[in-house]
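Protein chains in written order, with the numbering used here: chain A, 82 to 429; chain B, 82 to 429; chain C, 82 to 429; chain D, 82 to 429.
Number of protein chains: 4
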Amino acid sequence: MSDLRVAVLGVGLMGADHVARLSSRISGARVAVVNDFLTEKAEAVAADIPGCRAIGDPLDAIAAPDVDAVVLATPGPTHEKQLLACLDHGKPVLCEKPLTTDVESALAVVKREAELGRRLIQVGFMRRFDDEYMALKEMLDQGELGRPLVLHCAHRNPAVPHGFDSAMVVRDSLVHEIDVTRFLFDEEIASIQIIKPTPNPSGPEGLSDPQIAILRTAGGKHVDVELFVHTGIAYEVRTEVVAEHGSAMIGLDVGVVRKSAARTQRGERGPGTWGGLITPGFRERFGRAYDTEIQRWVDAVRRGVNVDGPTAWDGYAAAAVCEAGVESLHSGQPVEVQMVARDSIKGA
Amino acid sequence: MSDLRVAVLGVGLMGADHVARLSSRISGARVAVVNDFLTEKAEAVAADIPGCRAIGDPLDAIAAPDVDAVVLATPGPTHEKQLLACLDHGKPVLCEKPLTTDVESALAVVKREAELGRRLIQVGFMRRFDDEYMALKEMLDQGELGRPLVLHCAHRNPAVPHGFDSAMVVRDSLVHEIDVTRFLFDEEIASIQIIKPTPNPSGPEGLSDPQIAILRTAGGKHVDVELFVHTGIAYEVRTEVVAEHGSAMIGLDVGVVRKSAARTQRGERGPGTWGGLITPGFRERFGRAYDTEIQRWVDAVRRGVNVDGPTAWDGYAAAAVCEAGVESLHSGQPVEVQMVARDSIKGA
Amino acid sequence: MSDLRVAVLGVGLMGADHVARLSSRISGARVAVVNDFLTEKAEAVAADIPGCRAIGDPLDAIAAPDVDAVVLATPGPTHEKQLLACLDHGKPVLCEKPLTTDVESALAVVKREAELGRRLIQVGFMRRFDDEYMALKEMLDQGELGRPLVLHCAHRNPAVPHGFDSAMVVRDSLVHEIDVTRFLFDEEIASIQIIKPTPNPSGPEGLSDPQIAILRTAGGKHVDVELFVHTGIAYEVRTEVVAEHGSAMIGLDVGVVRKSAARTQRGERGPGTWGGLITPGFRERFGRAYDTEIQRWVDAVRRGVNVDGPTAWDGYAAAAVCEAGVESLHSGQPVEVQMVARDSIKGA
Amino acid sequence: MSDLRVAVLGVGLMGADHVARLSSRISGARVAVVNDFLTEKAEAVAADIPGCRAIGDPLDAIAAPDVDAVVLATPGPTHEKQLLACLDHGKPVLCEKPLTTDVESALAVVKREAELGRRLIQVGFMRRFDDEYMALKEMLDQGELGRPLVLHCAHRNPAVPHGFDSAMVVRDSLVHEIDVTRFLFDEEIASIQIIKPTPNPSGPEGLSDPQIAILRTAGGKHVDVELFVHTGIAYEVRTEVVAEHGSAMIGLDVGVVRKSAARTQRGERGPGTWGGLITPGFRERFGRAYDTEIQRWVDAVRRGVNVDGPTAWDGYAAAAVCEAGVESLHSGQPVEVQMVARDSIKGA
């Protein structure tokens with residue numbers, strides 16, 4: 082199967098990240114075309130990627146015959162036209178949020194895609210692909226905690242760019258918790274209230290920050306979200322589901338921490354416990370390390386440099402210590418490790 | 082730059098993992114050749130991978146002109162001959178541990194590579210590529226904790242295969258902590274003692290399990306390792322460095338937990354603290370989710386299936402809630418969310 | 082100084098706890114009088130305590146000349162009359178919450194005490210004496226986190242008695258967070274809203290559970306409280322303060338976990354960290370163990386029983402191992418511990 | 082029952098702590114006599130405690146007819162003579178470690194007590210009374226983790242006094258882990274080895290620090306202890322038991338953290354989990370807060386000062402908010418809290 086040829090529209094912060102991702106970490110795809118309203122920027126990005134060219138008009142980029150799929154990282158107001166072009170050309174498109182900047186145009190896009198009878202649009206709500214959110218969703222779907230009742234969220238940014246206003250806290254920050262709510266609860270949201278407490282005196286003047294959002298789902302579930310975009314500290318995203326038979330929290334920097342009633346040996350309900358799952362095996366624990374190891378090795382070999390990982394000497398040294406270890410295993414006594422001096426071997 | 086063409090020798094558990102990795106998760110490489118002493122197994126693996134063929138003789142696989150680099154996942158006793166062949170052909174090789182099965186042959190391999198004056202061999206000590214070990218190494222190298230003094234390790238397996246004997250605890254399990262010690266301390270190991278406490282009554286008969294290894298580095302640092310290969314519980318690898326100005330532990334399933342003296346606002350030494358670093362920003366927090374999102378999208382698009390991520394309807398729903406949110410931001414009152422019924426749009 | 086003679090009014094669950102506390106764990110006080118509307122119950126309690134008698138009328142108990150102070154653990158509706166009697170007799174009184182059962186009578190009590198010009202009444206908001214709440218309050222008062230902005234609380238009971246209704250969730254459960262808010266923020270509460278999400282299907286019929294309380298302080302700070310009185314799991318009380326320069330959470334069963342910006346060696350703002358304080362010394366770490374040790378020893382000695390703590394043999398055994406340890410300290414070799422057989426000493 | 086009259090011998094750091102404890106936190110005992118080789122120090126301490134006097138000779142203090150029991154906090158070399166005197170007078174004695182300073186005299190004391198046929202001596206191994214150690218011991222005794230196999234300990238002091246030498250690390254620090262081993266395993270220790278790694282360059286010159294102790298119990302169990310008495314950081318005491326079916330660690334500043342295999346609803350072995358027990362109820366969670374509340378109230382009342390806990394105004398304010406809360410419970414709308422102004426009531 083040949084590589085997927087992708088056009089990336091918009092190569093600002095987010096788009097440039099996607100270009101790097103597709104070029105160096107994603108298997109089976111390559112960036113064939115880039116586009117940006119700053120033509121020179123697009124050309125500079127294209128020049129760094131073998132087999133990639135810049136196209137000045139976004140609609141031309143979408144239409145290009147050597148483009149199989151599109152990543153949209155352009156400003157929101159241009160999305161509607163570009164999404165419709167993707168639909169017209171029958172090209173799959175991954176669209177960074179927002180879908181469009183107002184409800185009517187969003188609905189128009191939904192309807193057009195629906196008429197085609199084929200799902201071509203994916204929206205960039207990336208939390209659905211985060212390990213912790215996926216684990217939380219699976220825990221809920223398996224019914225381990227019973228029916229979910231309440232969702233508590235905190236969404237804190239260290240800082241936001243100049244010009245970020247109070248409405249952007251809703252449209253650009255809260256939008257993630259809106260999708261998280263819909264994803265976790267499989268329900269639409271019926272009402273929303275934004276509470277504006279006394280603002281943080283350390284934050285930018287005129288910005289309502291923090292804000293508290295109170296959502297109610299169609300089924301009557303309660304959701305609250307603390308939005309605090311200028312904490313000066315770090316990026317913290319915490320989500321807790323309170324359910325019929327327990328609760329689970331992610332985002333404490335310690336994985337999924339679960340609280341529930343323990344089971345006794347006979348399956349009866351025991352005392353309440355808190356904690357998480359232990360990694361079951363080495364493939365789960367070190368699978369990512371293997372990926373990193375191999376990717377770095379491949380990269381080094383392709384660049385023609387010496388390997389920068391463990392060397393033959395490292396393998397030799399390990400062998401020498403194991404040898405002594407096995408001897409001590411039998412004798413129970415400390416055993417000196419026998420090794421040649423490294424500098425006796427030029428080049429080792 | 083064209084993809085690196087890799088020969089994978091040995092397609093057992095570990096080798097098959099590497100084949101899958103190179104084919105679907107690693108960018109810039111593809112598996113060109115596979116080999117196994119079970120010919121049919123190699124052929125079955127090759128049949129699943131476009132452009133891959135099986136070669137019956139491992140040395141022929143190494144020599145093949147369309148092979149740029151080699152991954153060795155064959156049994157240890159065959160490593161020496163295969164490594165020397167790689168060196169002869171000047172081909173980079175990633176060799177699963179052990180380098181070879183005895184010290185003399187390991188040294189011979191080291192010497193041959195040194196004569197070539199070019200680093201071609203990397204040994205598969207994958208812990209050096211694990212996020213936690215890398216963070217620990219960096220912490221030590223930056224001198225934050227002062228000079229390291231002591232290393233405590235625990236290495237626990239839920240179970241090991243039938244036939245795993247007491248010496249294999251040293252050669253196959255402890256070998257990782259041997260490399261971890263050398264990696265973290267940048268020192269050779271000078272002596273080793275294996276202590277055999279009363280064995281676990283639940284373990285296999287005849288197996289010395291747990292074992293305690295006591296290492297001493299050339300510079301006089303102490304290392305102890307609990308090896309326990311039949312716990313019946315889970316895979317736990319814990320490593321704690323005790324250093325001049327603090328200690329740090331990984332493997333508690335909660336990231337790097339550090340203990341050290343805090344600094345006051347004026348840089349003076351404050352009370353002792355425990356804890357870890359908070360994720361600094363969304364790229365660190367969700368970077369991997371973005372990778373997963375894009376990889377899954379690329380895979381889905383290449384297979385020609387509908388996208389399985391967030392849909393246009395999800396984007397529309399978010400827009401509708403944001404709209405109501407901004408209204409509530411101004412009024413302070415709960416606002417009903419206005420949305421069309423999903424089933425009014427066929428195909429949405 | 083002679084012991085404080087206390088009258089305990091009401092010896093139900095809470096009152097009986099207070100009787101036990103004053104009799105066996107509190108230094109400098111003794112229970113001189115008990116009273117309960119169930120006369121026999123009071124008499125049974127009195128019979129177990131040396132020098133204690135039951136008095137049938139609560140007002141007589143308050144007035145008794147050998148009563149220095151009063152603990153009120155009677156039902157709320159009787160509080161007003163009993164508190165006023167304590168004020169009339171100038172006797173200090175510790176009154177379990179509520180002060181009284183309605184606002185008007187509570188205000189009347191406040192006014193009467195104020196007229197006396199002497200603080201005689203303490204209300205039983207015991208969280209103010211909890212280590213974690215005290216640590217959190219101190220952290221705020223010292224300004225370490227800057228001005229507090231938002232308070233998130235969860236208050237979960239495994240179950241409540243039959244007959245507990247939706248209003249009792251507010252009056253009996255939420256009342257603690259009401260006091261916590263006022264204690265931590267030093268501000269009155271200006272408004273309150275109770276949200277009733279879809280109730281827990283596993284809970285008692287007719288009970289609004291969980292409930293969400295939204296408070297706003299006089300200074301505009303936001304407080305939200307999840308009240309969930311029938312979780313079936315455990316007792317969980319969690320409180321998080323979000324402040325200008327950081328946040329702190331208690332009640333995770335792991336002590337105070339703090340998130341804030343670290344300081345570099347030169348006092349500059351470093352990366353964000355999470356964690357807690359390490360116990361500074363053995364008196365902090367084991368002070369409570371010493372108290373327990375001594376209390377149990379005193380209790381055992383007074384009852385005339387043999388000590389049940391570490392024995393002379395334990396001291397001897399420790400000495401023998403230390404002796405061998407010091408020898409090994411010099412030789413570096415394992416040293417056998419020399420001890421007489423315990424059964425060679427009859428009675429040891 | 083009248084209070085136990087205690088003589089405290091030695092009023093240095095530890096003895097003075099015990100005097101304070103017996104006088105203000107321990108119920109049912111009082112300090113009747115104090116003694117110290119610094120006569121003036123003993124007299125100063127006695128002057129502060131009602132009904133307490135200083136006695137110049139420790140043997141006279143033991144013999145005094147108004148002394149029911151003795152606490153020994155004198156230097157180790159004087160213990161033997163003082164313990165024997167306590168035995169001669171048939172007086173219970175709580176003796177700070179060490180029992181005596183050499184094995185022979187320790188054994189002599191054991192024998193003398195055994196001849197009396199009555200347990201009069203308790204040694205001050207206070208860890209046996211620590212909540213975490215008690216929880217760990219109970220967990221082992223209940224067999225939840227199966228038979229214990231290995232014990233890992235870390236014992237770290239921020240600093241030790243000038244003159245603390247390498248042997249004192251064994252005699253004064255390690256002695257606690259020696260008792261912990263015997264307490265947890267119910268076995269004597271058969272051999273010991275002290276390993277001296279390269280010392281901490283930041284520590285006092287000439288001190289072997291850190292030290293590693295390797296113990297082996299009579300039953301063949303392995304114990305290792307890191308002793309590090311000059312870390313410059315904090316006081317850390319960590320103990321991990323590795324057992325047949327799981328392991329448990331205390332001293333992480335987060336309570337008992339357990340790792341074990343979970344049980345499914347049908348009692349089958351599930352995936353490995355880590356975590357701890359959740360507090361089961363409010364008495365467990367806030368019992369200590371109640372003690373503190375009452376003790377502080379008793380102390381304040383006895384000193385004749387105004388109460389310093391929650392006031393009647395606090396009770397009134399809570400009532401006013403509850404009232405509004407119940408109104409909102411019915412209406413679902415925010416309700417303003419109605420309160421009189423505090424300064425309208427003089428003295429409130």
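C-beta: ideal position from N, C-alpha, C; glycine also.
What's the call for residue i, buried or exposed, on a 16-neighbour Cβ count within 10 Å?
i	result
asparagine 116/A	buried
histidine 411/D	exposed
arginine 423/D	exposed
leucine 94/D	exposed
glutamine 223/C	exposed
serine 425/A	exposed
glutamate 286/D	exposed
lysine 427/A	exposed
glycine 413/B	exposed
Can you tell me the Cα-Cα spacing of residue i and residue j, whole angstroms?
i	j	result
leucine 175/B	glycine 205/B	7 Å
alanine 401/D	serine 283/D	59 Å
aspartate 305/B	arginine 237/B	14 Å
proline 161/B	alanine 393/A	Here the sequence assigns glutamate to residue 161/B, which means proline is not the residue at that position. So the alpha carbons of these two residues sit roughly 11 Å apart.
glutamine 346/D	proline 278/C	In this prediction, glutamine 346/D has a pLDDT of 48, which is less than 50 and means its spatial position is unreliable; what the coordinates show is noted afterwards. Whole-angstrom Cα-Cα distance: 29 Å.
arginine 106/B	serine 409/D	55 Å
arginine 434/D	isoleucine 375/C	The first residue shown for chain D is 82 and the last is 429, placing residue 434/D beyond what the model contains.
lysine 302/A	valine 231/A	6 Å
threonine 262/D	glutamate 307/D	14 Å
glutamate 196/B	threonine 181/B	18 Å
valine 184/C	tyrosine 397/D	6 Å
phenylalanine 118/C	glycine 132/C	21 Å
arginine 200/C	valine 322/B	55 Å
alanine 248/B	valine 407/A	6 Å
histidine 311/D	phenylalanine 245/D	10 Å
lysine 218/D	arginine 209/D	9 Å
alanine 128/D	arginine 134/D	7 Å
valine 418/A	aspartate 395/A	14 Å
From what residue to what residue does the beta strand (DSSP E) around residue i run?
i	result
leucine 288/A	Premise fails: leucine 288/A is in no beta strand (DSSP E) and is neither H nor E.
arginine 120/C	A small correction: the amino acid at residue 120/C is threonine; arginine does not occupy that position in the sequence shown. Run containing threonine 120/C: none in the beta strand (DSSP E); it sits in the alpha helix (DSSP H), 120–128.
glutamine 203/C	202–204
cysteine 133/A	Per DSSP, cysteine 133/A belongs to no beta strand (DSSP E) and is neither H nor E.
Mind reading off the beta-carbon distance from residue i to residue j? Whole number of angstroms is fine, and I expect it under 8 Å.
i	j	result
valine 71/C	alanine 113/C	Nothing can be reported for residue 71/C, as the shown portion of chain C is limited to 82 through 429.
glutamate 213/C	isoleucine 331/C	4 Å
alanine 142/D	leucine 90/D	6 Å
How far does the alpha helix (DSSP H) with residue i in it extend, from its first residue to its last?
i	result
serine 513/B	Outside the modelled stretch of chain B, which goes from 82 to 429, sits residue 513/B, for which no answer is possible.
For this session: Residues of the segment 112–138 of chain C with a CB closer than 7 Å to any CB of chain D: list them in chain order, please.
Result: Pro131
Problem set entry | Selection of the segment 302–327 of chain B by Cβ proximity to chain A, strictly under 8 Å | Ile314, Ala315, Tyr316, Glu317 and Val318
For this session: Mind checking the segment 217–240 of chain D against chain B and listing, in chain order, the residues whose C-beta falls within less than 9 Å of any C-beta there?
Result: Result list: Gly227, Arg228, Leu230, Val231, His233, Ala235, Arg237 and Pro239.
Exercise. Just by C-beta distance, which residues in the segment 273–294 of chain B are closer than 7 Å to chain D?
Worked result: Ile276, Pro278, Thr279, Asn281, Pro282, Ser283, Pro291 and Ile293
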